[in-house]
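Participant:
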Amino acid sequence: MGTKVKTAVKVGSLELANPVLAASGTFGYGREFAKYLDLNRLGGVVTKGLSLEPRDGNPPPRIVETAAGMLNAIGLANVGAEVFLEEKLPFLAALDCKVVVNLYAEGIDQFAGLAERLRGAEGIDALEINVSCPNVKGGGVAFGVDPISVAAVTRAVRENSDLPVWVKLTPNVTDPVPIALAAQKAGAEALSLINTIMGMAIDARRRTPRLANVMGGLSGPAIKPVGLRMVHLVSRAVDIPVVGLGGIMTGEDAAEYLLAGATAVQVGTASFGDPSSCQRVADELAQFCAQEGVADVNELVGALKT
Amino acid sequence: MGTKVKTAVKVGSLELANPVLAASGTFGYGREFAKYLDLNRLGGVVTKGLSLEPRDGNPPPRIVETAAGMLNAIGLANVGAEVFLEEKLPFLAALDCKVVVNLYAEGIDQFAGLAERLRGAEGIDALEINVSCPNVKGGGVAFGVDPISVAAVTRAVRENSDLPVWVKLTPNVTDPVPIALAAQKAGAEALSLINTIMGMAIDARRRTPRLANVMGGLSGPAIKPVGLRMVHLVSRAVDIPVVGLGGIMTGEDAAEYLLAGATAVQVGTASFGDPSSCQRVADELAQFCAQEGVADVNELVGALKT
Amino acid sequence: MRKYAKVVSQEPVGAGVFLLRLEAPAVAAATSPGTFVMLRVSGGPEPLLARPFSVHGAEGDHLLILYQVVGRGTEMLSRVEPGRELACWGPLGNGFNLDCQRPLLVAGGMGVAPLWFAARAMAERGAEVSVLFGLAGAGGYSELLAVLQDQAEAGKISLSFTTEDGSLGEKGLVTHLMPQALERADRVLACGPPAMLKAVASLAAEAEVACQVSLEAPMACGVGACLGCVVPAVPGGGYLRVCQEGPVLGAARVDWERL
Amino acid sequence: MRKYAKVVSQEPVGAGVFLLRLEAPAVAAATSPGTFVMLRVSGGPEPLLARPFSVHGAEGDHLLILYQVVGRGTEMLSRVEPGRELACWGPLGNGFNLDCQRPLLVAGGMGVAPLWFAARAMAERGAEVSVLFGLAGAGGYSELLAVLQDQAEAGKISLSFTTEDGSLGEKGLVTHLMPQALERADRVLACGPPAMLKAVASLAAEAEVACQVSLEAPMACGVGACLGCVVPAVPGGGYLRVCQEGPVLGAARVDWERL
Ligand SMILES: Cc1cc2nc3c(=O)[nH]c(=O)nc-3n(C[C@H](O)[C@H](O)[C@H](O)COP(=O)(O)OP(=O)(O)OC[C@H]3O[C@@H](n4cnc5c(N)ncnc54)[C@H](O)[C@@H]3O)c2cc1C
Ligand SMILES: Cc1cc2nc3c(=O)[nH]c(=O)nc-3n(C[C@H](O)[C@H](O)[C@H](O)COP(=O)(O)OP(=O)(O)OC[C@H]3O[C@@H](n4cnc5c(N)ncnc54)[C@H](O)[C@@H]3O)c2cc1C
Ligand SMILES: Cc1cc2nc3c(=O)[nH]c(=O)nc-3n(C[C@H](O)[C@H](O)[C@H](O)COP(=O)(O)O)c2cc1C
Ligand SMILES: Cc1cc2nc3c(=O)[nH]c(=O)nc-3n(C[C@H](O)[C@H](O)[C@H](O)COP(=O)(O)O)c2cc1C
Ligand code: FES
Ligand code: FES
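Chains as they are written, first to last, in our numbering: chain A, 15 to 320; chain B, 15 to 320; chain C, 2 to 260; chain D, 2 to 260.
1. Is the Cβ of ASN149/A closer than 8 Å to any Cβ of chain D?
2. Here's the rule I'm using: 16 or more other beta-carbon atoms within 10 Å means buried, otherwise exposed. How should LYS102/A be labelled?
3. In chain D, which residues lie with their C-beta within 7 Å of the C-beta of GLY138/C?
4. How big is the Cα-Cα spacing for ASP62/C and SER10/C?
5. Provide the residue(s) that pair with VAL25/A in DSSP beta bridges, ordered along the chain.
6. I'd like to confirm the pairing. Which residues does DSSP put opposite PHE118/C in its beta bridges?
7. Just the C-alpha distance for GLN301/A and ASN72/B, rounded to the nearest angstrom, thanks.
8. Does the distance from the C-beta atom of SER206/A to that of GLN280/A stay below 8 Å?
9. Mind checking who ALA108/C pairs with in its DSSP beta bridge?
10. Straight-line CA distance for LEU228/C to GLU79/B?
11. Pull up the DSSP beta-bridge partners for THR163/C, would you.
12. Quick one, which residues of the region 203–221 of chain D are near chain A if we go by CB-CB under 9 Å, in chain order?
13. Residues with a Cβ closer than 5 Å to any heavy atom of ligand 2, in chain order?
14. Could you list which residues in chain B have their beta carbon closer than 8 Å to that of ASN186/A, in chain order?
15. Looking at the secondary structure, which residues open and close the beta strand (DSSP E) in which CYS212/D lies?
16. Using alpha carbons as the reference points, say which of GLU258/D, GLY225/D, GLU246/D lies closest to ILE88/A.
17. Are PHE118/C and PRO34/C closer than 8 Å when you measure CB to CB?
18. According to a CB-to-CB cut-off of less than 8 Å, which residues of the region 44–78 of chain D neighbour chain A?
19. Going by DSSP in three states, ALA274/B sits in which element: helix, strand or coil?
20. How would you list, in chain order, the residues of chain A whose beta-carbon sits under 7 Å from the beta-carbon of VAL93/B?
21. Can you tell which of ALA276/B, CYS292/B, GLU266/B, ALA82/B has its C-alpha closest to the C-alpha of GLY304/B?
22. Please report how far the alpha carbon of LEU160/D lies from the alpha carbon of SER131/D, in whole angstroms.
23. Note the first and the last residue of the continuous alpha helix (DSSP H) segment covering GLN102/D.
24. Along the region 219–240 of chain B, where does the CB come closer than 9 Å to a CB of chain F? Name the residues.
25. Could you check whether the Cβ of GLY152/A sits closer than 8 Å to any Cβ belonging to chain B?
26. Could you compute how far the alpha carbon of ALA139/C sits from the alpha carbon of GLY57/B?
27. Under a CB-based cut-off of 8 Å, is LEU198/D close to chain A?
28. Going by DSSP, what residue range makes up the beta strand (DSSP E) through GLN69/C?
29. Taking 6 Å as the limit between beta carbons, can you name the residues of its chain near VAL18/C, skipping five residues before and five after?
30. Along the beta strand (DSSP E) that carries GLN11/C, what are the first and last residues, could you check?
31. Determine the chain C residues that contact PHE47/B at a beta-carbon separation under 9 Å, and present them in chain order.
32. Can you check which of these residues, LEU247/B, HIS246/B, GLY63/B, ARG224/B, is closest to LEU242/A by C-alpha distance?
33. Here's the rule: buried if 16 or more other CB atoms are within 10 angstroms of the residue's CB, otherwise exposed. What is TYR142/C?
34. Beta-carbon of LEU242/A versus every beta-carbon of chain B: anything under 8 Å?
35. Taking all protein chains shown into account, decide if VAL308/B is buried (16 or more other Cβ within 10 angstroms of its Cβ) or exposed.
36. Following the continuous beta strand (DSSP E) through GLY201/A, name the residue where it begins and the one where it ends.
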């Protein structure tokens, strides 16, 4: 690279070497991508949504490509806390980059129990609460759309953990601001947004939904305009940092999110079309700064002229 | 074509020769496209959002291309009711296809006044209330996200008109169903959905929004999964017909909307990339039916197997 | 109206500029200098919108487009092979007013594309045509410039250059040549970046010479329906659609302050 | 690991099938029959995802892919010219178990792509390889079939055909030939449409011959991260990732009822 751009950012109490994290659910437990990029060069890795017990997830088909995007209905399949702590975390803990564990549960007590289960585990730097996963009935949407529930979940995790708590918001709401404020008040150190947008795809000839779950979450470049808007709205309304995501494919996309008000960004679906995307985006962002005469990436944060 | 597929559909009391209408705001007042297709071959034309008085709209730039979509912030520029009735409607009235006038106002009294102003005008077949335009403060979103307001506006238009009233819903809500039910209860004959999804685009090098209005509405193929889902959800919840739209580019896209539960569809942004899109989609839909052994397009409506 | 045009040939003429020749009989027959067409290369959703291009010339059934690669639409266009059909509709918008004896044409960069069509048409009708062509630098443009110079000589068009880096003609902005040229002119036609057009409009207004400018704006439909392509108007405020009331507008109709 | 591969050549072999030769030394060195690669042609957002393709062969630095055009990704791939770099990562997934003496390979359609790699590798090691290749019809496939037949002869592979329309070999489904062929076989390897694989698995199970199938599933990442490519598993339910636990799976591990 040869550029001297300062790339370190602080998301609440957490210092990242650069603002680019891998997004939950699109990067497995990190190791899956180890061959294709240098994990130590990332700002951080957010792991696949973790629940207390292992989950099989939804029946296939679980994914379908759409115009400049994809739908997924994985159904939060994951290895569960025990296997995570024993088999997945040690690899991540040995990395230089930060490790954020994305949490999923179906009730407030379960969230508390999950946080408790992870308490003291070596190598976790922050928890990201997924109140927004649209795929599972009973949890998912119901939490994320209601400020009171979001606050309750946030508090439950905070009270059972010593780690910084990030809350990941759903875009499937009329107004994300009250929810963001509720999370902030309940002690979130940062807000991640956006999760996927609910959608559906149909096979017209077979007359069937293309996902076994019928509905799924839309991600990828198609949703970038929605993510940028929500990050812009929310970051102006809250006093805590925002981690922006949705459709980031390039360093310039990342810069757009920073300008909109994000302190850091996550790269999700892009990792599928190019497994080195996270590192590439980080490199391109530094290049962008160098080209634009930006000495410190923090200068971009919220610097949009409106 | 040579196919014998029956294409006529009934949207409430309105009979359309085929299920494909041109969507509001993307087809001007019809005449603009007369050179590029046979307007008489469409199911109908929905005119640009009309207000009582002429509106200049937002300052430029008003549009920007995004991944498989575009953002617009036209700001409901239109000629106003008087010019519409005198200069635009006569051309439309002479067509075989149905003419639906999309209404925009900033308050309930204004909606009532607008409906009253159009009362008795020759050549209008239905009114479509735009409670969902996301671009103008004071009206737009505020109405469309609240079932009580939507019901009030619907009633106001109904009471001041003899025409069928369609209500066009916004996707920018946590749940469209209560709003749909409110519109139905207030006397809507049909529901159109979806309008554009709120979004934003940023020029990272200039550090400015790409739209003068900062926010705009996302349309095009990028949003098709969102439209399909909302049509599916709403059509199962209401007893009145749904007119589906959002990202329809081809006859197969239209078939997907019908399967999801729409009785008719509108083609919007597609007309920009190909000015004959509306007719092409109607033709392709008939071809699709012929290929699939569907004798009557109504067989597709809601025929999704879930 | 046919909405397709077949690519006859496509020649790079330097600096990322291409001369595209399309077979589009109906458009070619109906066009006049200043009008434009919408071209769409992709059949799929990316890029979604068609791109507007001025008509650079019409020869029999052929339509000429002179364009520069600036983004992915033009990049994709530059890779299209002869024989391919492109979605193409037009001619759109109004044309220049060619009814004058000593027109002064002021072109900035690719603004030369429509103006050259006008220059040749007016020269053919016997007008004394002067063209001022400003570029940032002539580097890379030699092929295009040679073609233009040949055609200028053949067509008795007076052609002068300015470059900001002094690599060709006078060093500086194209407007530097205007005061003198305006002395003889009975109409100014201009096309180029907004800042240039603003300066041209103000010089022409001072000299009390009628002035038309051809404007660019992002377009979705090209046919007056989407209201996406507007520029601010005077008097009375409001907006004009570049695709419909324009792209050629009397300089006095444009609100240069709000542009 | 390099994530790019250069297109060396690309030959149409009939019926929309192409033989693609890529320069991808690291992948070629590491691959084995049954593994696959992810290929992405577009640089932009459309199509967004990479496409999985089995490795059809490896020759020195070269990787061979045999694929059929079925949608826009493969269509775009078929238009790629030699010299172009494609995003390419792999080898991914596990391989076939090649450790047997009298393998029976059952291919349906493009399922022949990975199986042929396996067939040649096993024949080279001295196994008596039988391949049953089923197609809907041989129409259009003559070029591909000629190539395979040549290679079969050279490699001492026994190759039999079935077609549903009877245009080549036995008329009917490829499984019709299996009962007899199974008598001598010590392992079955199969790749093709799910319904065929289910039938193959059940015939092999009846005959008590070990059976591996190579499955297809929509994939996003190809590396085990997205959990998008799962198929239902037995015993114990749950799911297996085709890209990670597969694409080659013991037939007994797949829950054919839920597939
Ligand atoms: C009436 C008119 C006539 C034109 N004539 C010519 C011509 O003769 N030769 C030529 O080289 N160029 C001409 N242009 C500019 C040309 O349309 C743009 O260069 C082209 O649209 C860029 O597309 P892109 O995909 O390569 O760039 P991108 O930047 O990727 O395009 C993104 C979006 O912005 C729009 N856009 C970008 N630049 C412009 C622009 N300058 N004007 C309008 N929209 C723009 C695109 O259409 C697209 O919607 C003309 C523009 C207009 C409005
Ligand atoms: C492990 C594996 C190995 C494969 N090996 C070969 C091979 O050697 N030769 C060959 O011709 N084909 C092979 N396929 C199938 C090949 O991946 C598809 O034909 C291809 O993805 C179709 O892409 P498309 O854009 O042309 O089709 P589209 O239908 O436009 O694709 C739309 C989406 O569906 C997915 N998709 C469509 N068909 C399939 C399929 N059969 N399997 C998985 N995803 C699919 C695409 O990847 C894409 O995400 C293999 C598939 C897998 C999973
Ligand atoms: C296959 C897939 C699985 C995902 N799983 C999770 C998850 O477990 N938890 C979560 O919070 N978000 C999950 N997401 C959402 C992403 O983290 C991200 O918010 C979303 O995809 C938008 O970003 P993108 O457009 O960059 O992908 C998932 C997304 C995809 C595509
Ligand atoms: C430029 C533009 C202007 C629009 N104007 C209106 C309008 O005046 N009234 C309205 O109800 N919808 C308006 N819409 C929304 C469309 O009618 C349609 O709901 C939306 O674009 C989604 O459909 P599409 O993806 O097919 O374009 C407009 C859309 C665009 C792109
Ligand atoms: S481009 Fe649509 S009105 Fe001008
Ligand atoms: S394709 Fe992502 S896990 Fe298999």
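Positions of the beta carbon are idealized from the N, C-alpha and C atoms, including for glycine. Values in this document were obtained by computation on a predicted structure and should not be read as measured data.
Facilitator: Let's see:
1. In the first sequence, residue 149/A corresponds to position 135, counting from 1. Residue placement at ASN149/A is poorly supported in this model, since its pLDDT is 40, which falls under 50; the coordinates are not used for a value here.
2. For the purposes of this step, residue 102/A is taken as the residue at position 88 of the first sequence. By the neighbour-count rule (16 or more Cβ atoms within 10 Å), LYS102/A is buried.
3. The residue given as residue 138/C occupies position 137 in the third sequence. Ordered by position in chain D, no residue passes the 7 Å Cβ test against GLY138/C, which lies about 29 Å from the chain.
4. Position 61 of the third sequence, counting from 1, holds the residue named residue 62/C. Position 9 of the third sequence, counting from 1, holds the residue named residue 10/C. Going from the Cα of ASP62/C to the Cα of SER10/C covers about 13 Å.
5. Here residue 25/A refers to the residue found at position 11 when the first sequence is read from its first residue. According to DSSP, which records beta bridges pairwise, VAL25/A is partnered with LEU28/A.
6. Within the third sequence, the letter at position 117 stands for residue 118/C. Answer by DSSP bridge pairing: none, since PHE118/C is not bridged.
7. Here residue 301/A refers to the residue found at position 287 of the first sequence. Here residue 72/B refers to the residue found at position 58 of the second sequence. Rounded to whole angstroms, GLN301/A to ASN72/B spans 35 Å at the Cα level.
8. If you number the first sequence from 1, residue 206/A lands on position 192. If you number the first sequence from 1, residue 280/A lands on position 266. Yes, the Cβ-Cβ distance between SER206/A and GLN280/A is below 8 Å.
9. Position 107 of the third sequence, counting from 1, holds the residue named residue 108/C. PHE134/C, CYS192/C.
10. Position 227 of the third sequence, counted from the first residue, corresponds to residue 228/C. Position 65 of the second sequence, counted from the first residue, corresponds to residue 79/B. Using only the alpha carbons, I get a separation of about 15 Å.
11. Along the third sequence, read from residue 1 onward, the residue named residue 163/C stands at position 162. Answer is GLY135/C, GLU171/C, bridged to THR163/C.
12. ALA218, PRO219, MET220, ALA221
13. GLU79/A, PHE37/D, LEU50/D, ARG52/D, PRO53/D, PHE54/D, SER55/D, TYR68/D, GLN69/D, VAL71/D, GLY72/D, ARG73/D, GLY74/D, THR75/D, MET111/D, ALA114/D, GLU217/D, PRO219/D, PRO248/D
14. Along the first sequence, one-based indexing puts residue 186/A at 172. What ASN186/A touches in chain B: THR188.
15. Here residue 212/D corresponds to residue number 211 of the fourth sequence, with the count starting at 1. 212–215 is the extent of the beta strand (DSSP E) around CYS212/D.
16. Numbered from its first residue, the first sequence carries residue 88/A at position 74. The shortest Cα separation from ILE88/A among GLU258/D, GLY225/D, GLU246/D belongs to GLY225/D.
17. As a first step, residue 118/C must be located in the third sequence, where it is residue number 117. As a first step, residue 34/C must be located in the third sequence, where it is residue number 33. Contact flag set, yes.
18. PRO46, GLU47, PRO48, LEU49, LEU50, ALA51
19. In the second sequence, residue 274/B corresponds to position 260, counting from 1. Three-state DSSP puts ALA274/B in a helix.
20. Counted from its first residue, the second sequence places residue 93/B at position 79. What VAL93/B touches in chain A: nothing, since even the nearest Cβ is about 29 Å away.
21. Within the second sequence, the letter at position 290 stands for residue 304/B. Per the sequence shown, the amino acid found at residue 304/B is Ala instead of Gly. Ranking ALA276/B, CYS292/B, GLU266/B, ALA82/B by Cα distance to ALA304/B puts GLU266/B first.
22. Walking along the fourth sequence from the start, residue 160/D turns up at place 159. Walking along the fourth sequence from the start, residue 131/D turns up at place 130. Roughly 6 Å separates the two Cα atoms.
23. Counting from one through the fourth sequence, the residue named residue 102/D turns up at place 101. That residue, GLN102/D, is in no alpha helix (DSSP H); it is neither H nor E in DSSP.
24. In the displayed structure, chain F is absent; the protein chains listed are A, B, C and D.
25. As a first step, residue 152/A must be located in the first sequence, where it is residue number 138. Per-residue confidence for GLY152/A stands at a pLDDT of 44, beneath the threshold of 50, marking its modelled position as unreliable; no derived number is given.
26. As a position in the third sequence, residue 139/C is number 138, starting the count at 1. As a position in the second sequence, residue 57/B is number 43, starting the count at 1. Each residue's alpha carbon lies about 54 Å from the other.
27. The residue labelled residue 198/D in the question sits at position 197 within the fourth sequence. No, because no Cβ of chain A sits closer than 8 Å to the Cβ of LEU198/D.
28. Counted from its first residue, the third sequence places residue 69/C at position 68. 63–69 is the span of the beta strand (DSSP E), which, as asked, contains GLN69/C.
29. For the purposes of this step, residue 18/C is taken as the residue at position 17 of the third sequence. Cβ neighbours of VAL18/C beyond the five flanking positions: GLN69, LEU145.
30. Translated into the one-based positions of the third sequence, residue 11/C becomes position 10. Segment 5–13, the beta strand (DSSP E) holding GLN11/C.
31. Working through the second sequence from its first residue, we reach residue 47/B at position 33. Correct list: CYS222, VAL224, ALA226.
32. Here the question's residue 242/A lines up with position 228 in the first sequence. Answer by Cα proximity: ARG224/B.
33. Residue numbering aside, residue 142/C sits at position 141 when the third sequence is read from its first letter. That one is buried.
34. The residue labelled residue 242/A in the question sits at position 228 within the first sequence. Output row for LEU242/A: interface = yes.
35. As a position in the second sequence, residue 308/B is number 294, starting the count at 1. Buried, by the Cβ-count rule.
36. Walking along the first sequence from the start, residue 201/A turns up at place 187. That residue, GLY201/A, is in no beta strand (DSSP E); it is neither H nor E in DSSP.
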